[in-house]
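Chemist: Numbering (my numbering), first residue to last: 73 to 855. We put the CB at the ideal spot given by N, CA and C, even for glycine. This is the structure I want to talk about, given as structure tokens.
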């Protein structure tokens with residue numbers, strides 16, 4: 073069997089017969105095109121691995137069929153949710169199965185047993201919005217809950233800010249309906265010893281899985297106990313130590329945290345809890361990180377529900393962000409670090425008593441420069457939004473060196489954290505760099521991100537060296553190299569070092585029992601590629617130079633503006649905010665800000681078979697971007713796709729010229745005054761014949777009626793109206809309202825005049841002057 077194992081192969085292609093079978097047998101979407109493959113080649117990690125193809129299943133039967141075809145043809149597969157992995161779990165040279173578009177439903181909520189049955193593509197925030205209606209909560213809460221999926225948090229064994237009271241995902245999984253590596257269905261759940269013995273009979277794959285799992289547990293119990301750290305936040309490896317409990321066997325414990333390497337989840341039963349009744353925050357300010365960590369230990373004596381650290385880089389970037397500045401406007405000083413401590417209470421008095429006792433102890437300790445108590449729910453939400461944006465904010469720091477994820481997920485016992493952070497800082501400084509800090513001080517898991525330039529060979533070597541030294545430090549402190557972000561590639565490369573030869577061999581045997589052909593997300597957790605291979609950038613990363621039309625000086629250049637997207641996938645949220653409206657409508661990765669940034673980066677770096685930005689395919693990727701600029705405000709890293717689209721449109725105009733459609737749209741302010749004089753003729757385009765002509769000649773859909781020209785456009789009788797002594801308001805008269813909806817302008821003027829304002833109209837200086845215009849129509853077509 074060994075010689076038949078599937079190896080990771082970046083050049084692996086599937087023959088035409090397999091492609092045809094997939095297209096024929098799958099009800100969902102099957103895609104082999106270069107752009108789709110490219111935009112699924114990255115996640116939020118430092119890696120890029122081009123998939124063989126992407127399949128978006130509509131049904132569980134689709135998933136079963138995909139895996140059966142993959143098994144028969146020895147083709148790797150990769151299940152994927154939001155693609156927000158930080159360790160490279162959700163990239164591979166494989167058939168990517170994207171669950172997020174169709175398999176995203178809540179199937180059942182059982183309030184009596186406090187359990188939920190859900191599909192794997194359902195995002196956590198959407199699930200909790202359903203649960204909120206019945207006063208319940210699914211507790212794992214990584215910062216990515218608005219795009220992380222049920223399948224993703226199970227595959228990763230995610231935790232989040234409240235794990236100090238709720239534990240990890242593994243503590244809330246009741247049953248997992250899966251497809252095994254050979255395409256068979258199997259339901260994993262806790263079973264008694266009799267049922268377990270029955271499942272080990274025969275020569276089936278499931279018999280091998282059950283017998284091997286228990287045998288490995290028995291054989292390696294002592295070694296597992298010796299090598300697995302005795303802390304809450306141990307996520308790495310396979311959870312072999314957790315499957316046997318009081319004469320019952322529960323193999324869901326192994327599936328949780330296995331990163332899609334053992335089985336593919338198609339349905340999950342998870343437990344939920346009652347929503348907390350009262351919540352409050354205490355925000356403490358500090359002049360250095362070590363003092364803040366020492367204060368976090370004090371908080372543990374007062375039964376907090378969360379203790380979160382936020383460091384200097386994030387605070388500085390939050391101040392510059394309109395979206396997240398409100399999360400720190402309560403600060404009394406200019407701290408380098410803050411600790412956000414949350415408390416729950418069954419009554420308001422209980423809550424306030426906890427907060428007051430903690431405050432008194434903190435004041436006596438003289439560690440904090442100041443503290444602020446926050447009981448208002450809106451203000452608390454603003455603080456949490458800023459904290460959840462930590463990943464994007466820390467990556468927003470300008471320059472080629474970025475605070476990348478590679479040793480950002482270590483965990484130690486909380487009481488050891490101050491000394492551990494001191495030693496960590498020393499290693500970072502000795503290697504000639506600095507780091508961004510934030511994370512879960514309550515459980516000893518700080519996300520420390522050294523700044524590394526992944527385009528520099530020297531810095532790539534530095535990354536590996538720091539990883540090696542930090543792994544030694546973690547081992548010395550009896551901690552975990554992975555506290556919640558999983559192993560993937562970036563930490564999977566160190567699995568043998570962290571757990572030893574014997575446990576590593578047990579992991580390999582376990583993997584082989586579940587997946588004899590090694591087709592399930594191979595090269596994750598164990599037998600991984602080198603941590604410095606398959607990098608998104610790398611020292612050989614080259615890009616095409618573009619002569620910009622717009623200025624990208626603030627971003628450091630056009631390419632740097634594109635590279636501000638680090639793959640965190642905040643643009644994939646679907647039930648909050650406004651970014652990204654096209655993704656919210658289509659649920660297509662290509663229509664997210666991340667998907668577009670990936671395509672642009674690939675085009676300029678020669679990863680796509682197109683000529684720079686001059687490509688119809690690239691135009692199609694950007695076409696549904698409505699240039700609303702919500703990405704600029706809501707993306708924690710401030711990616712401005714609207715600005716980039718304008719630049720691409722300009723490059724395409726320079727290469728190809730303007731179409732008649734683009735001329736019609738772009739030069740609207742120039743011909744609008746003439747058309748407004750004959751609205752009855754202009755409105756003929758709304759007739760059946762006129763709309764068909766517009767569709768044929770200009771490419772404007774006949775199914776969508778165009779705005780009708782007003783009989784009387786808005787032209788003010790004088791430059792100023794209203795109270796000449798009142799406060800002055802300058803009113804800009806835009807083309808749309810002037811020519812199509814003048815009633816809006818009349819109503820605006822009436823309101824302002826009634827309010828005692830002096831209204832001055834912003835108008836061009838003369839009849840033959842250039843139109844006074846916002847330029848929106850010109851920019852939208854690349855002029």
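Taking 7 Å as the threshold (C-beta atoms), are residue 288 and residue 323 in contact?
Modeler: No, Cβ-Cβ distance for residue 323 and residue 288 is not below 7 Å.
Chemist: Only counting runs of 4 or more residues, tell me where the alpha helix (DSSP H) segments fall wholly within the segment 361-427, in order along the chain.
Modeler: Listed in chain order, the complete alpha helix (DSSP H) runs (minimum 4 residues) inside the segment 361-427 are 361-371, 384-392.
Chemist: From 641, 390, 162, pick the residue whose C-alpha is nearest to that of residue 408; which is it?
Modeler: The shortest C-alpha separation from residue 408 is found at 390.
Chemist: Are three or more beta carbon pairs between the segment 644-661 and the segment 166-176 nearer than 8 Å?
Modeler: Flag = yes, the segment 644-661 and the segment 166-176 touch.
Chemist: Consult DSSP for residue 310 and reduce its assignment to one of helix, strand or coil.
Modeler: Of the three classes helix, strand and coil, the one that applies to residue 310 here is coil, per DSSP.
Chemist: Roughly how many angstroms lie between the CA atoms of residue 75 and residue 652, to the nearest whole one?
Modeler: Any answer about residue 75 is weak, because its pLDDT of 38 lies below 50 and its placement is not dependable; what the coordinates show is given next. Using only the alpha carbons, I get a separation of about 46 Å.
Chemist: For residue 165, which three-state DSSP category applies?
Modeler: The answer is coil: DSSP assigns residue 165 none of H, G, I, E or B.
Chemist: Could you give the DSSP three-state label for residue 846: helix, strand or coil?
Modeler: Here residue 846 sits in coil by DSSP.
Chemist: Would you mind sorting residue 723 into buried or exposed? The rule is 16 or more other CB atoms within 10 Å of its CB.
Modeler: Flag for residue 723 reads buried.
Chemist: Please report how far the alpha carbon of residue 817 lies from the alpha carbon of residue 696, in whole angstroms.
Modeler: Each residue's alpha carbon lies about 29 Å from the other.
Chemist: Looking at the C-beta of residue 266, does it have a partner C-beta in chain D at a distance below 7 Å?
Modeler: Given the protein chain composition of this structure (a single chain), no chain D is represented.
Chemist: Can the beta-carbon of residue 460 be found less than 7 Å from the beta-carbon of residue 374?
Modeler: Cβ atoms of residue 460 and residue 374: not closer than 7 Å.
Chemist: Quick check on residue 327: does DSSP put it in helix, strand or coil?
Modeler: Here residue 327 sits in helix by DSSP.
Chemist: Are residue 154 and residue 468 close, meaning C-beta to C-beta below 7 Å?
Modeler: Cβ atoms of residue 154 and residue 468: not closer than 7 Å.
Chemist: What would DSSP say about residue 663, mapped onto helix, strand or coil?
Modeler: Three-state result, residue 663: helix.
Chemist: If you reduce the DSSP assignment to three classes, tell me which class residue 699 lands in.
Modeler: Coil.
Chemist: Out of curiosity, what's the CA-to-CA distance linking residue 230 and residue 196?
Modeler: About 11 Å.
Chemist: Measuring straight from C-alpha to C-alpha, what distance separates residue 465 and residue 189?
Modeler: The alpha-carbon atoms of residue 465 and residue 189 are separated by roughly 34 Å.
Chemist: Would you mind sorting residue 438 into buried or exposed? The rule is 16 or more other CB atoms within 10 Å of its CB.
Modeler: Classification for residue 438: exposed.
Chemist: Any idea what DSSP makes of residue 344, helix, strand or coil?
Modeler: Residue 344 falls in the coil class under three-state DSSP.
Chemist: Would you mind working out which of 246, 201, 141 sits nearest residue 186, comparing C-alpha positions?
Modeler: Looking at the Cα atoms, 246 is the closest of the given residues.
Chemist: Run through DSSP, which three-state label would residue 596 get?
Modeler: The answer is coil: DSSP assigns residue 596 none of H, G, I, E or B.
Chemist: If I follow the unbroken alpha helix (DSSP H) through residue 724, where does it start and stop?
Modeler: Here the alpha helix (DSSP H) through residue 724 covers 713-728.
Chemist: From the DSSP output, which residues share a beta bridge with residue 261?
Modeler: Looking at the DSSP assignment, residue 261 forms a beta bridge with 247.
Chemist: When the distance is taken between beta carbons, is residue 172 closer than 7 Å to residue 221?
Modeler: Taking 7 Å as the Cβ cut-off, residue 221 and residue 172 qualify as a contacting pair.
Chemist: Which residues share a DSSP beta bridge with residue 357?
Modeler: Paired residues: 410, 442.
Chemist: CB-CB under 7 Å to residue 571, same chain, minus the five flanking residues each way: which ones, in chain order?
Modeler: Closer than 7 Å at Cβ, skipping near neighbours: 299, 309.
Chemist: Leaving out five residues on either side along the sequence, give the residues of the same chain with a beta carbon under 8 Å from the beta carbon of residue 848.
Modeler: Counting only Cβ-Cβ distances below 8 Å, and skipping sequence neighbours, we find nothing.
Chemist: Near residue 550, what residues of its chain come up, given a Cβ to Cβ distance below 6 Å and the 5 sequence neighbours on each side ignored?
Modeler: So the qualifying residues of the chain are 301.
Chemist: Taking residue 525 as the reference, which of 164, 448, 106, 536 has the closest Cα?
Modeler: Cα-wise, what sits closest to residue 525 is 536.
Chemist: According to the Cβ coordinates, are residue 621 and residue 633 closer than 7 Å?
Modeler: Cβ atoms of residue 621 and residue 633: not closer than 7 Å.
Chemist: Below 8 Å on the Cβ atoms is my contact criterion, and I expect residue 446 with residue 355 to pass it. Report the Cβ-Cβ distance as a whole number of Å.
Modeler: With a Cβ gap of about 7 Å, residue 446 and residue 355 count as contacting.
Chemist: Going by CA-CA distance only, name the one from 627, 794, 435, 242 that's closest to residue 715.
Modeler: When each option's Cα is compared against that of residue 715, the closest is 627.
Chemist: What first and last residue would you give for the beta strand (DSSP E) that runs through residue 151?
Modeler: Segment 149-152, the beta strand (DSSP E) holding residue 151.
Chemist: Can you list, in chain order, the residues of its chain whose CB lies under 7 Å from that of residue 234, leaving out five sequence neighbours each side?
Modeler: Taken in chain order, the residues that qualify are 211, 213, 377, 378.
Chemist: Can you tell me whether residue 779 is buried or exposed, with buried defined as 16 or more other CB within 10 angstroms of its CB?
Modeler: Exposed: under 16 other Cβ atoms inside 10 Å.
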